[in-house]
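K.L.:
Once you've had a glance at the structure underneath, I'll fire off some questions.
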Amino acid sequence: MVNRKKIIKTNEQWQIELTPDVYYICRLKGTESPHSGKYCQHFENGQYQCACCHSPLFSSKAKYETECGWPSFYEPITDISVDYRRDTSLEIARVEAICSTCHAHLGHVFNDGPKPTGNRYCINSLSLKFKAEEK
Ligand code: FE
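If you use this note's numbering, the sequence shown corresponds to residues 46 to 180, in order.
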């Protein structure tokens, strides 16, 4: 059963719950420095959850190695886990990826990814929390 519930909190509430760096990335749409994130070169089996609301976002199965500097996935864990917004903050229009449950900023989606989707979900490590697969 896929969770469709929404978690809506004010920035003031999030600021109390989150560390300053997670708050900056997820609630103020920050971007961590390339190659700085703890999940860039992380390839264990498991699930990457939202750092704010713990909803499952990506499977390690869709993670792939890239030199772009951020953890990259070719698809979200389900069709409704991630929502999209048009981001025109730079000169080139981009597609922003957000957690569909709590609307945390995750990163952006580009169309230079590998098969089978051709998409690259370029995601800040700080917006994710890894949960290892139970053995
Ligand atoms: Fe979330």
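Idealized CB from N, CA, C, for every residue including glycine.
#1: Below 7 angstroms CB to CB, which residues in the same chain sit around D157 once its five sequence neighbours on both sides are set aside?
#2: Could you name the residues, in chain order, whose CB is less than 6 angstroms away from a heavy atom belonging to ligand 3?
#3: Let's see if you can read the secondary structure: which residues bound the alpha helix (DSSP H) around Q60?
#4: According to DSSP, which residues form a beta bridge with Y94?
#5: On the three-state DSSP scale, how would you describe A138?
#6: What are the boundary residues of the beta strand (DSSP E) that includes D157?
P.N.:
With the structure as the only source:
#1: On the sequence shown, residue 157 is found 112 positions in, with the first residue counted as 1. So the qualifying residues of the chain are R165.
#2: Looking for ligand 3 in the displayed structure turns up nothing; the ligands present are ligand 1.
#3: The residue given as residue 60 occupies position 15 in the sequence shown. Where Q60 is concerned, the enclosing alpha helix (DSSP H) stretches over 56-62.
#4: The residue you call residue 94 lines up with position 49 of the sequence shown. Checking the sequence shown, residue 94 turns out to be Gln, not Tyr. DSSP lists P101, K174 as partners of Q94.
#5: Within the sequence shown, numbered from 1, the residue matching residue 138 stands at position 93. A138: coil per DSSP, three-state reduction.
#6: The residue you call residue 157 lines up with position 112 of the sequence shown. It is not in any beta strand (DSSP E) - D157 carries neither H nor E in the DSSP assignment.
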